[in-house]
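Asker: Residue numbers (my numbering): 16 to 147.
Got a structure here, written out as structure tokens. Questions coming.
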Amino acid sequence: MKIKTILTAVILSILLYSCKENNTKDTAVELITVEEMDSLLEMEKVQLVDVRTPKEYAEGHIEGAINIDFSDENFETLISEVDKSKPVAVYCGRGGRSGKCSAYMKKAGFTKIYDLDGGITEWKYKGKVLVK
Numbered sequence: 016m017k018i019k020t021i022l023t024a025v026i027l028s029i030l031l032y033s034c035k036e037n038n039t040k041d042t043a044v045e046l047i048t049v050e051e052m053d054s055l056l057e058m059e060k061v062q063l064v065d066v067r068t069p070k071e072y073a074e075g076h077i078e079g080a081i082n083i084d085f086s087d088e089n090f091e092t093l094i095s096e097v098d099k100s101k102p103v104a105v106y107c108g109r110g111g112r113s114g115k116c117s118a119y120m121k122k123a124g125f126t127k128i129y130d131l132d133g134g135i136t137e138w139k140y141k142g143k144v145l146v147k
């Protein structure tokens, strides 16, 4: 009887642990290239968030992006207004702020997060258009 109880406890522990691992993988942040970002935008399957300051955003941003300043004291409230059930792509100047934002969004329960590798700097370097 004792062995049966211990065996049941071990099996349940393994099952619970494996379920936890799958949930973590589902909300992974994917670092993407400029080309991959361009494809996502063409398919219109992603919400686009620019986490730079309003001044940086006004100097030029990717078309369709909304500006939610990562350094704003109301950042958490503002980012919570983005639909968590739909894919989100974030970018900043070079990747630092968007990386931190992506980590926060993962903890906040966003289902799919893309982070533009190299940020707007890489976007411009690849000759992509910015709007003002």
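Backbone N, C-alpha and C fix where the C-beta goes; we use that ideal spot for every residue, glycine too.
(1) Whole angstroms is fine: what's the gap from F85's alpha carbon to A118's?
(2) For E91, name the three-state secondary structure that DSSP assigns.
(3) Run the CB neighbour count on A80, radius 10 Å, all protein chains shown included, and call it buried at 16 or more, exposed below.
(4) I need the DSSP call for L46, collapsed to helix, strand or coil.
(5) How would you write the range of the alpha helix (DSSP H) that A73 sits in, first residue to last?
(6) Alpha carbon to alpha carbon, what distance is there between I47 and K122?
Answerer: So, from the data block:
(1) It is roughly 12 Å from the alpha-carbon of F85 to the alpha-carbon of A118.
(2) Taken through DSSP and simplified to helix, strand or coil, E91 comes out as helix.
(3) Per the 10 Å Cβ criterion, buried.
(4) DSSP places L46 in the strand class (E or B) of the three-state scheme.
(5) Start and end: 69 to 73.
(6) Their backbone Cα atoms lie some 20 Å apart in a straight line.
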